Each structure stands twice: as C-alpha cells, then as structure tokens.
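Remarks on the structure that follows.
Protein chains: 2
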Amino acid sequence: MAAFEPVEDEDGLDVRRVTLVLDAVEAGDAGLLADLLAQLHAADIADLLEQISPNERLALLHLGGAAIDGEVLSELDESIREEVIEALPRAAVAEAMRELDSDDVVDILEDLGTPQQDMILEALDDADRIAVEQALGFPEASAGRLMQREVVVSPEHWTVGEAIDHLRGARHLPDQFYHVILIDPRMRPVGYVTLGRMLSSGREVRLRDILEDSFRTIEATMPEEDVAYLFNQYHLISCPVIEEGGRLVGVITIDDAMSVLDDEHEEDMLRLAGVGDGASPSDGVFTTVRQRLPWLVVNLFTASLSALVISQFEATLALIIALAAVMPIVSSTGGIAGTQSLAVAVRALATRDLTSANAARVVRREVMAGLLNGISLALILGVAGSWLYGDIWLGVVLGMAMVVNQIVAALGGVLVPLSLERWGLDPALASGTFVTTLTDVMGYLAFLGLATWLMT
Amino acid sequence: MAAFEPVEDEDGLDVRRVTLVLDAVEAGDAGLLADLLAQLHAADIADLLEQISPNERLALLHLGGAAIDGEVLSELDESIREEVIEALPRAAVAEAMRELDSDDVVDILEDLGTPQQDMILEALDDADRIAVEQALGFPEASAGRLMQREVVVSPEHWTVGEAIDHLRGARHLPDQFYHVILIDPRMRPVGYVTLGRMLSSGREVRLRDILEDSFRTIEATMPEEDVAYLFNQYHLISCPVIEEGGRLVGVITIDDAMSVLDDEHEEDMLRLAGVGDGASPSDGVFTTVRQRLPWLVVNLFTASLSALVISQFEATLALIIALAAVMPIVSSTGGIAGTQSLAVAVRALATRDLTSANAARVVRREVMAGLLNGISLALILGVAGSWLYGDIWLGVVLGMAMVVNQIVAALGGVLVPLSLERWGLDPALASGTFVTTLTDVMGYLAFLGLATWLMT
Numbered sequence: 001m002a003a004f005e006p007v008e009d010e011d012g013l014d015v016r017r018v019t020l021v022l023d024a025v026e027a028g029d030a031g032l033l034a035d036l037l038a039q040l041h042a043a044d045i046a047d048l049l050e051q052i053s054p055n056e057r058l059a060l061l062h063l064g065g066a067a068i069d070g071e072v073l074s075e076l077d078e079s080i081r082e083e084v085i086e087a088l089p090r091a092a093v094a095e096a097m098r099e100l101d102s103d104d105v106v107d108i109l110e111d112l113g114t115p116q117q118d119m120i121l122e123a124l125d126d127a128d129r130i131a132v133e134q135a136l137g138f139p140e141a142s143a144g145r146l147m148q149r150e151v152v153v154s155p156e157h158w159t160v161g162e163a164i165d166h167l168r169g170a171r172h173l174p175d176q177f178y179h180v181i182l183i184d185p186r187m188r189p190v191g192y193v194t195l196g197r198m199l200s201s202g203r204e205v206r207l208r209d210i211l212e213d214s215f216r217t218i219e220a221t222m223p224e225e226d227v228a229y230l231f232n233q234y235h236l237i238s239c240p241v242i243e244e245g246g247r248l249v250g251v252i253t254i255d256d257a258m259s260v261l262d263d264e265h266e267e268d269m270l271r272l273a274g275v276g277d278g279a280s281p282s283d284g285v286f287t288t289v290r291q292r293l294p295w296l297v298v299n300l301f302t303a304s305l306s307a308l309v310i311s312q313f314e315a316t317l318a319l320i321i322a323l324a325a326v327m328p329i330v331s332s333t334g335g336i337a338g339t340q341s342l343a344v345a346v347r348a349l350a351t352r353d354l355t356s357a358n359a360a361r362v363v364r365r366e367v368m369a370g371l372l373n374g375i376s377l378a379l380i381l382g383v384a385g386s387w388l389y390g391d392i393w394l395g396v397v398l399g400m401a402m403v404v405n406q407i408v409a410a411l412g413g414v415l416v417p418l419s420l421e422r423w424g425l426d427p428a429l430a431s432g433t434f435v436t437t438l439t440d441v442m443g444y445l446a447f448l449g450l451a452t453w454l455m456t
Numbered sequence: 457m458a459a460f461e462p463v464e465d466e467d468g469l470d471v472r473r474v475t476l477v478l479d480a481v482e483a484g485d486a487g488l489l490a491d492l493l494a495q496l497h498a499a500d501i502a503d504l505l506e507q508i509s510p511n512e513r514l515a516l517l518h519l520g521g522a523a524i525d526g527e528v529l530s531e532l533d534e535s536i537r538e539e540v541i542e543a544l545p546r547a548a549v550a551e552a553m554r555e556l557d558s559d560d561v562v563d564i565l566e567d568l569g570t571p572q573q574d575m576i577l578e579a580l581d582d583a584d585r586i587a588v589e590q591a592l593g594f595p596e597a598s599a600g601r602l603m604q605r606e607v608v609v610s611p612e613h614w615t616v617g618e619a620i621d622h623l624r625g626a627r628h629l630p631d632q633f634y635h636v637i638l639i640d641p642r643m644r645p646v647g648y649v650t651l652g653r654m655l656s657s658g659r660e661v662r663l664r665d666i667l668e669d670s671f672r673t674i675e676a677t678m679p680e681e682d683v684a685y686l687f688n689q690y691h692l693i694s695c696p697v698i699e700e701g702g703r704l705v706g707v708i709t710i711d712d713a714m715s716v717l718d719d720e721h722e723e724d725m726l727r728l729a730g731v732g733d734g735a736s737p738s739d740g741v742f743t744t745v746r747q748r749l750p751w752l753v754v755n756l757f758t759a760s761l762s763a764l765v766i767s768q769f770e771a772t773l774a775l776i777i778a779l780a781a782v783m784p785i786v787s788s789t790g791g792i793a794g795t796q797s798l799a800v801a802v803r804a805l806a807t808r809d810l811t812s813a814n815a816a817r818v819v820r821r822e823v824m825a826g827l828l829n830g831i832s833l834a835l836i837l838g839v840a841g842s843w844l845y846g847d848i849w850l851g852v853v854l855g856m857a858m859v860v861n862q863i864v865a866a867l868g869g870v871l872v873p874l875s876l877e878r879w880g881l882d883p884a885l886a887s888g889t890f891v892t893t894l895t896d897v898m899g900y901l902a903f904l905g906l907a908t909w910l911m912t
C-alpha cells in the first residue's frame, strides 16, 4: 500500500517562491531556476512573469526560457505576451505552439502583430495551420474563435461497445472531452452522450438510447459573451459548434466559457469605473494613462457643466456665502446613489435578469427607493443644517434638494444603462461619468435654485 | 436515417414567452400554462418567476405549481425562494427536494428560515437527511457546503475493466461526474483518472498507470472563494474534497465553482458601488432601501467633511465668488480618477494579480500615472480657466490643485484596498465612498488653500 502523502496545496505561488526565483535569476543559477519553475503550474509561472518587473522578466526569460512552454504562453496576460514571445528563441516558440490545441493557438495569435503571427503559422504542421487559419476566419470574439477543432464523434447507429472500441483505437484524442457527439452522415450533430453514461451502460446499448435531454448546439458566429451566458445559464460542460447548414465544426468546453465570463466581468467592472479595456498590474505608466485619461477629459467637460450651473447663482452665493460650503453634500450623496443604482442595473443586464419584461417595474421601484432614501437623508441633513447654521430655511432647502436629487440619481442610474442597451451599446459604457454629472448638475441646480427662491 | 432538425436555440426566455405565460395565468388556463412551462429549461422558469411581479408570481404558482421541480427551486434567486416555497404545497416541495443532489439541497436550505428547513429535512430519506445535516455542519460558504457527497471511487489496484464493470453494476451514480477517484483502504484519495482516458484505454490497463498529473484535493473547510480561484487558475473540472486526516468526503464540480465565481464578481461590483449584498431586480422597495441607505448615510457624514473644509475658506470665497463655481471641477475629476484606480486594484486583488510581490511597483506606477494625468488635465483646465475668467492666477491655481488631487486619487485608489486586504477585510468594502471622500476633501483643500495663498 502506498504511503499516504499529504495533498496540501504546496505548489501555489507565494511571495517566498517569487523571491526564491528572483534570487536564482540574480545569481545566474540556471539549474536552480529550472528546478523552481518545474515545481510550478503553468498558470503560476504566467502569474510570476506578470508580477515581476520588466527587467527581471527579461533576465528570467534569458536564463530559464526553456520552462516557458505552450501552456505558459496561453496563460499569460495579453499585456506582456508579445514581449515574452519576443524574448524567447524562435525555435522554442514554434515548439511551444505545436503542443497546444487549436483553440489555444488561435487565442494567442489573435493578439500578436503580423510578423509574430506569420512566424508562428509557419512553425505549425499543415493540418494545424489550416485549422488555425480557418478559426481566424470567424469574427473576433465569436464561438468560432473559442472552439477547439478536435472533436470526438460517433455515427448515430453505434453502440456503446463500438464507440469504446473506436476510442481505444484512436490515435489522437483531445486533451479534454466530456461527450461523444452523434453525427448524421452529413456531419450534423444530432445529440450527445456523456462519458459517465457511456461507462455505466452495457456494450450492447445503443448510443441514441442514452442521449442527454439537454442537448443544444451553438452557431460558430455567436458572440462569445452569449456563449458564456448559455454555459452559465444551462450548466453546460461542453457544447458542439456548427457552421451554417448545421455541419459540426468544433466544440467549446466549459473552461473556455468560464474564462470568457471572467473577462466579461472584468470589462463591466472597469468600464463602469471609466477605465479602458484590459487594465492589468503589469501595464506600464503610459498604458495606464492611455486607459484612463480619455474619461478624465470627458469628465473635465461634464464637470464644467456644474460650474456653469453654479455660476448662474453667484448673486445668491455672494449674499449667503454659507451655501457654498454645504452645496457639495447634496451632489455628492446623489453621486453615490446614482452609482448604486447603476451598478445594480448593469449587473442585472449582464445576467439578463433585467429585461423589457420587468424594466417598468424596476424603474418604479428605483423611483420609490430614491424617494424613501431621499426623505431619510433629508431628515438627517435638514435637522443638522438648521441647527448648525441656526437657519431653519437652510435646513428646508437642503432637505428638499436632497429628495429631488436622490430620485434623479436612482432614475438616472437605471435609465442610462437601459437606454444604452436598447441602442445596442454596452450598458457598462455609461460609466460613472454620465450619472455623476447628472447628479452633480441636478444637486447644484436644485439646491441653489431652491435657496434663491426661498432664502433671498 | 433521422430527418435533420434545426437545433436553433428555440427554448430561451424572451418577452414573447413571458407574455404568453402571463396571458395563460390570467385566463386561468392550467393546461396551456403547463405546456408553456414544459418548453422552458428550469433555469428559464426560475428567471421568469424572478421577472414577473409578486402578484403574477403567486397566481402562476397556484395555477402551475406542478412545474416547479427541485431544479427550478435550486436555480431561483434567494430573494424570492422562500416566498415561492411558501406558496407551493408541502408535498410538492418535499418531492422536489428528494430529486436533488445533496449539494443543491444544502444550497437551498442555507437561506431558509427554521420552520421551512425543518419541514424539508423531515421530507428527505434518512440517508439524504444525514448527508445534508453533515454538510450543514461545515462553515458557511466553505467547500464542505459546496460539494456533493455522491462520489465515484475505485480501489488503487483496479484495472480499467474492473472499474467499468463496477460502474455498469452501480445502482446510483451522480448526475454529473468527470473522474474516477482512486482511494486507499482508508478512503484517502490518491489520484484520479478522467473518464475520457478510461474510455480510450484497454480493459487490462491499471488505473494507477493513467492517473492525471494535475491531481489535487481541497479541504472541506476551505472558503468557497478560494475553491473558485483554484478551479479558475488550474482549469479544474472536478476536485475531491477531504476532511481532516485526508478522508474523502465529497467532490466539487466546475459548475458549482463557476457559480461561486459569478457571485464573487457580483459582490465585488456591488460592494464597490456601496450596495449591500445580493441586490436583484426582484427585490422590493424596502429591501432596496435597506441595501443602499447605510452607505448613503455614511456618505452624508463624509461629505460633511468637505463642507467643513470649504467653510474654513469662506473669507476667500466672499472675496472671489467665482471660485465657488469652479471648485467642484477639481474634486469631481479626482473622484473619477480615484474610482478608476480603485476598480483596477480591487479587480487585480480578486484575481490575485496584485500581491505583495508587485504592490510597490503598482503603487509607483499609480503615482506616475496620476502625475501625468494631472499635468494633462491641468494644462487644459488651466488655460481654459485663465481665459474664461480673464485671470491667469485662477488658471494656475486650478492646474496646481488638479495635479495634487490626481496624484492623491491614484494613490488612494490603490492604497485603500491594499490596506483593507492586509487587515483581512474585503478590499471591495472600501467602496467608492472612502476614496471619493478623500478626493473631494483634497480637491477643495488644495484649490481653496492655493487660491487663498496666491490670489488674496
């Protein structure tokens, strides 16, 4: 009996390991470096490369480039993949690419410049190169780019025994597969059988009698975010991909869908915060500026609208200078309320829980919630304002402006993304900027307008 | 040969279907309703129930409650699950629960009140009840709650043929399984074999000779977010769960990990926006107020800090009233920059791309990016301000305050979540509130302070 080995997660990446690796690089100890990298999973080597500085990265690649195989390259963040490929010997890159399934090669090629693309395509076998070039023929971010071409199929009439014998004789099977897909003589999928079901059925059982109920297919042109939604909604584990006419062209597995879902979440979160796509800790200063400055400039102009509104009330402000100090409270609290409403709406649109079937009810709820929040905040702020400034009218004006702005915020937070969705744009593109501009402008307008009317 | 049927996605939920269902409910046509629901996947029925109004939901459940099986209940959003279970006959709920795997029953029970929990536990078979009660003995949101107890195992010494014969004879197999787990005589997992590998190997091959390299186990007490990270990082499809001492107690599959990942993303996004956990379009007005009002009240107080700062400069404002109009521009643009930096940092912490190994470099990058963004914005705002107000000093003050505040924003956006992480708190708890308070206060302080110094 084998001695029991503790199966603790010993192979993750931590600061100690990063330090050991960097020490080996600095000491120029290629043997030690190779040993250390051999203990790490490809995904952790990729994370390591992302976390160290550009100079450390270059030194590591020169000393230990042999550890960078295809899997590491496919795990790498796009932001540094080109740089890493550049630093590796061409032969090593070619070898790394030949190990990978076609979907991973496509994923890497998509983001590279033309010279690197050509170099890699030349390195592939004819069959692989054709598969990759065909995949690149599908639209960007479509099911056709995501799928692997390697499929496991069976004619409709086979039995479990015939399928098992075929699999045992097969020379090349995909790394991961979870179903045997039944196809008709024209290569059109008609159903699939899970491997678990096959293994637990007798040899004489016909595959068509143990098909899964949940069978569905995906068109090669389907956008990848719809693919991710289908996998998440229906708990798919793998799904056949068909081209026009229904012919089977590949299969998408859940790990691909999971990584698309993860990317979509990242995109939503960053767009909502007004950051350009694909921000990563390994980005340099200039990349970071390029991702953020555009929205900041937009905000500079939208914020000027607030200044314009305020400047209309300079006479009132000159009369009661205390107004200048408290006016940002109404705007700022409105900004938070708008962001809350916006985040809930963007998330619900992404998960398709907010649809035209319930949009009207959600909008009504937002208005009611804004009203109740506004009244609660107005009571606190109104009493505190009246008392601190010894002016009951200041409290009344603060409270009334607060109620108005909370309703505007709740409403804006849901209507802006709903409108963007209806116009076929990404609701997260709304970004905080639009909604906070709205609540800033309304906050100043309501507060200073009411103050002018009631206090001067 | 079977005629080819187009496999278009005909069974999703759309407005047309929702309308058809609601019409059938209104007409009291139980037969038509049952037909319509039978065409929908359980996940779509759950979405339908979430999207309609509470009254429509009650009417639907009374007329068509028979369609609400265990799978629908497990797909339902927590926010309405209790209400739905309340509306169904007890016998129907009991029957629905008996269909489910133990992990799904646990998932449903966790969020229910005690009377409903007891009712459901009583309805289960003895074996299932014990399994569920054991699972509930593990900490909330741990691997032990997430796993299914149903496992497919084999002694270490079996061959492929022996394992297949065993599976064919097994009376009850899990709905989904992707590996056969090899265990030693004390039920401790020592490796696993993928079903694909088993199917493609000869009967005489020993399982221990075709083990996966990537084998790892998860402790039952591991937090579910760490489980989700492991699945995502190492592309796991299923993973054995062990208790203290190494004994196998269950298995977690990728669909569970995917739904945890999805929940974590939702939590990050909503927390960042200052919304309490679990917001959903089906929440009522009061639930919505309860989720949002606490952060709004916090913001009311933090925003008062800005008011306090501004009130210190009333003399300056009284002298140059134009300052009141332009001062929010500096604060507002700082707020956006802080949110950008914050979103990138929170996301990178969640994916573990931001660690102590690269924190110092990321902080340096944020400062540099803040400086460059600040200079760019200062040039635009400074020139525009000088020209519009005919006062070069106003432009200089605006520009200088902008540079200071952009650096503060970029720095605050990364340091606040990093500090929370170091103190063992969720970095997303920072929410926009803290960072925007910081940028508001600094914006007013820098602008009015410089204006007082240089312009009066």
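Chains as they are written, first to last, in the working numbering: chain C, 1 to 456; chain U, 457 to 912. From the three backbone atoms N, C-alpha and C, an ideal C-beta is built for every residue, glycine too. This structure is a prediction, so every number in the text was calculated from the model and none was measured.
In the DSSP assignment, the alpha helix (DSSP H) including Ser913 (chain U) goes from what residue to what residue?
Only positions 457 to 912 of chain U appear in this structure, which leaves residue 913 (chain U) out of reach.
Is Gly374 (chain C) helix, strand or coil by DSSP?
Helix, per DSSP.
Can a CB atom of chain C be found closer than 8 Å to the CB of Pro784 (chain U)?
Answer yes: the Cβ-Cβ gap between Pro784 (chain U) and chain C drops below 8 Å somewhere.
Spell out whether any CB of chain C is found under 8 Å from the CB atom of Gly855 (chain U).
No, Gly855 (chain U) does not count as interfacial toward chain C.
Once DSSP output is grouped into helix, strand and coil, what is the label at Ser598 (chain U)?
Strand.
Looking at C-beta atoms only, is the number of pairs between the segment 417-427 of chain C and the segment 388-407 of chain C that lie closer than 8 Å three or more?
Flag = no, the segment 417-427 of chain C and the segment 388-407 of chain C do not touch.
Given Thr19 (chain C), which residues of its chain have a CB within under 6 Å of its CB, disregarding the five upstream and five downstream residues?
Hits under 6 Å: none found.
Could you have a look at Thr709 (chain U) and say whether DSSP puts it in helix, strand or coil?
Thr709 (chain U) falls in the strand class under three-state DSSP.
Out of curiosity, what's the CA-to-CA distance linking Val408 (chain C) and Ala522 (chain U)?
For Val408 (chain C) and Ala522 (chain U), the distance between alpha carbons rounds to 43 Å.
Return the CA-CA distance between Leu88 (chain C) and Leu61 (chain C), expressed in angstroms with no decimal places.
Rounded to whole angstroms, Leu88 (chain C) to Leu61 (chain C) spans 7 Å at the Cα level.
Would you identify the three-state DSSP class for Gly191 (chain C), choosing helix, strand or coil?
DSSP places Gly191 (chain C) in strand when its eight states are reduced to three.
Taking just the CA atoms, how far does Leu651 (chain U) sit from Ala3 (chain C)?
Legend: pLDDT at Ala3 (chain C) = 36, less than 50; position of this residue unreliable, value from coordinates given subsequently. Roughly 26 Å between the two C-alpha positions.
At the 8 Å Cβ level, is Thr456 (chain C) part of the contact set with chain U, yes or no?
Thr456 (chain C) does not count as touching chain U.
Exposed or buried, what is Ala587 (chain U) when buried is set at 16 or more other beta-carbons lying within 10 Å of its beta-carbon?
Under this definition Ala587 (chain U) is a buried residue.
Which of the three DSSP states is assigned to Glu506 (chain U) in this structure?
Three-state DSSP puts Glu506 (chain U) in a helix.
With the cut-off set at 8 Å, would you say Glu506 (chain U) and Ile536 (chain U) are in Cβ contact?
Yes, these two residues count as a Cβ contact at 8 Å.
State the start and end residues of the unbroken beta strand (DSSP E) segment that holds Ile242 (chain C).
Run containing Ile242 (chain C): Ser238 to Ile242, per the beta strand (DSSP E) assignment.
Taking the beta carbon of Gln796 (chain U) as the centre, do at least 16 other beta carbons fall within 10 Å, making it buried, or is it exposed?
The residue is buried, with at least 16 neighbouring Cβ atoms inside 10 Å.
Can the beta-carbon of Leu602 (chain U) be found closer than 8 Å to that of Ile564 (chain U)?
It is not a contact, given that the beta carbons lie outside the stated cut-off.
Tell me which residues share the same chain as Leu429 (chain C) and place their Cβ nearer than 8 Å to its Cβ, disregarding the 5 neighbours each side in the sequence.
Contacts found: Arg271 and Leu420.
Would you please verify whether the beta carbon of Met654 (chain U) is less than 8 Å from any beta carbon of chain C?
It does: the Cβ of Met654 (chain U) has a partner Cβ on chain C nearer than 8 Å.
What separation, rounded to the nearest whole angstrom, lies between the Cα atoms of Leu32 (chain C) and Ala24 (chain C)?
Roughly 6 Å between the two C-alpha positions.
Is any beta-carbon of chain U found at less than 8 Å from that of Thr452 (chain C)?
No, no contact with chain U.
Under three-state DSSP, which class holds Pro155 (chain C)?
If DSSP states are grouped into helix, strand and coil, Pro155 (chain C) belongs with the strands.
Rounded to whole angstroms, what's the CA-CA distance from Val151 (chain C) to Met442 (chain C)? Just pull it up for me.
Approximately 58 Å, taken between the alpha carbons.
Alpha carbon to alpha carbon, how far is Arg216 (chain C) from Val471 (chain U)? Give it in angstroms, no decimals.
Computed Cα separation, rounded: 21 Å.
Since I believe Ile380 (chain C) is in contact with Val756 (chain U) (beta carbons under 8 Å), could you give me their beta-carbon distance rounded to a whole number of angstroms?
According to the sequence as given, residue 756 (chain U) is Leu; it is not Val. So it is a contact: roughly 6 Å between Cβ atoms.
Who are the near neighbours of Val616 (chain U) in its chain, counting only those whose CB is closer than 6 Å to its CB and skipping five residues on each side?
Answer for Val616 (chain U): Met654, Ser657, Arg659 and Val661, listed in chain order.
Under 8 Å, Cβ to Cβ, is there at least one residue of chain U near Gln340 (chain C)?
By this cut-off, Gln340 (chain C) is an interface position.
Look up His179 (chain C) in the DSSP assignment and say whether it is helix, strand or coil.
Looking at His179 (chain C) - three-state DSSP - the assignment turns out to be strand.
I'd like the list of long-range same chain contacts for Asn232 (chain C), defined as Cβ closer than 8 Å, with 5 residues on each side in sequence excluded.
Contacts found: Ala257 and Leu261.
Specify the secondary structure class of Glu675 (chain U) as computed by DSSP and reduced to three states.
DSSP places Glu675 (chain U) in strand when its eight states are reduced to three.
In angstroms, rounded to a whole number, what distance separates the CA positions of Ala591 (chain U) and Leu13 (chain C)?
Spanning the two alpha carbons is a distance of roughly 30 Å.
If you follow the alpha helix (DSSP H) that Ile785 (chain U) is part of, which residue opens it and which one closes it?
Where Ile785 (chain U) is concerned, the enclosing alpha helix (DSSP H) stretches over Ala778 to Ala806.
Which partner residues of Leu248 (chain C) appear in the DSSP bridge assignment?
C:Ile242, per the DSSP bridge assignment.
Going by DSSP, what residue range makes up the alpha helix (DSSP H) through Ser79 (chain C)?
Start and end: Glu78 to Ala87.
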